[in-house]
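*Asks:* Residue numbers (the working numbering): 263 to 503.
Virtual Cβ for every residue (Gly too), placed ideally from N, Cα, C.
Before anything else, here's the structure in question.
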Ligand SMILES: [Zn+2]
């Protein structure tokens, strides 16, 4: 367990505060949201050149980039709000990417998935949000397609019936595939304040969830995918075959 270091205070400031009054909404996933018009603190959402999500088919480079995790069964706390479905984790789990160790903070979901592939989006994505001890953010995105029921999502759905603040036991390793080859680029949070400097890792291999599970997630969240942002001059590396 190499990831046990406590999360730095700076990290907590970098992630949107839980319970803060929400003054923005996801759009239709196609037309760009204009969150800076709602709140000038969100200026970078519209002015930034390193925003997320993007279309992964724009990758012009391939590479064998994989991450490793020590995800396992743990206690978590459900956080539910308007357009939000999230499980907060205690310290102890994390992800290694290159020479960086990221501590897992929470996993949340979007319906449909935010990153697109040639304009198409999978119906569900899990975003595992991490930070290094120095406060650098790293997200691991896992997209779901319709298929067999997923046991971890079943645990989360059970907790959802009891609502915000429910304690649950969930095995985060059940929500990631064996092959953690990733699309890798530098981007942003996909919700205000759209902070940049986020180390994005979108797993190429998809997971399965049942049609009922996807429908339950979509019913709780509603449309929660930000519009696709320009890749610009950024390097995007796709998994090699
Ligand atoms: Zn997300």
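What does the alpha-carbon distance come out to for the pair residue 490 and residue 300?
*Replies:* In this structure, the alpha-carbon of residue 490 lies about 19 Å from that of residue 300.
*Asks:* State the Cα-Cα distance for the pair residue 348 and residue 495, rounded to the nearest angstrom.
*Replies:* Between residue 348 and residue 495, the C-alpha separation is close to 32 Å.
*Asks:* Please confirm if the region 465-481 is in contact with the region 413-421, defined as three or more CB-CB distances below 8 Å between the two stretches.
*Replies:* Here the region 465-481 makes contact with the region 413-421; the two share three or more CB pairs at distances below 8 Å.
*Asks:* Rounded to a whole number of angstroms, what is the C-alpha to C-alpha distance between residue 291 and residue 453?
*Replies:* 13 Å
*Asks:* Would you say the beta carbon of residue 370 is closer than 7 Å to some non-hydrogen atom of ligand 1?
*Replies:* yes
*Asks:* Tell me whether residue 389, by its Cβ, gets closer than 7 Å to a heavy atom of ligand 1.
*Replies:* yes
*Asks:* By the three-class DSSP mapping on this structure, what secondary structure does residue 458 have?
*Replies:* strand
*Asks:* Quick check: what's the CA-CA separation for residue 414 versus residue 287?
*Replies:* Distance between the alpha carbons of residue 414 and residue 287 is about 27 Å.
*Asks:* Considering only heavy atoms of ligand 1, does any lie closer than 7 Å to the CB of residue 331?
*Replies:* no
*Asks:* Three or more beta-carbon pairs under 8 Å between the region 456-475 and the region 404-411, yes or no?
*Replies:* yes
*Asks:* Assign residue 492 to buried or exposed, taking buried as 16 or more other Cβ atoms, counted over all protein chains shown, within 10 Å of its Cβ.
*Replies:* exposed
*Asks:* Taking Cβ to Cβ, would you say residue 449 is nearer than 8 Å to residue 398?
*Replies:* no
*Asks:* Looking at the structure shown, is residue 436 part of a helix, part of a strand, or coil, going by DSSP?
*Replies:* helix
*Asks:* Quick check on the DSSP output: the beta strand (DSSP E) that includes residue 316 runs from which residue to which?
*Replies:* Where residue 316 is concerned, there is no enclosing beta strand (DSSP E), given that its DSSP letter is neither H nor E.
*Asks:* Sort 445, 362, 374 and 393 by Cα distance to residue 384 and report the nearest one.
*Replies:* 374
*Asks:* Go ahead and pull the three-state DSSP assignment for residue 299.
*Replies:* Residue 299 falls in the helix class under three-state DSSP.
*Asks:* Between which two residues does the alpha helix (DSSP H) containing residue 378 stretch?
*Replies:* Looking at the DSSP string, residue 378 is not in any alpha helix (DSSP H), and its letter there is neither H nor E.
*Asks:* Using 8 Å as the threshold, is the C-beta distance between residue 284 and residue 350 below it?
*Replies:* no
*Asks:* Starting from the Cα of residue 471, find the closest Cα among 484, 451 and 411 and give me that residue.
*Replies:* 411
*Asks:* Tell me the residue span of the alpha helix (DSSP H) that contains residue 368.
*Replies:* Unbroken run through residue 368 is the beta strand (DSSP E), 362-372; no alpha helix (DSSP H).
*Asks:* Rounded to whole angstroms, what's the CA-CA distance from residue 409 to residue 497? Just pull it up for me.
*Replies:* Rounded to whole angstroms, residue 409 to residue 497 spans 33 Å at the Cα level.
*Asks:* If you draw a straight line from the C-alpha of residue 325 to the C-alpha of residue 461, how long is it?
*Replies:* Going by the C-alpha atoms only, they are around 16 Å apart.
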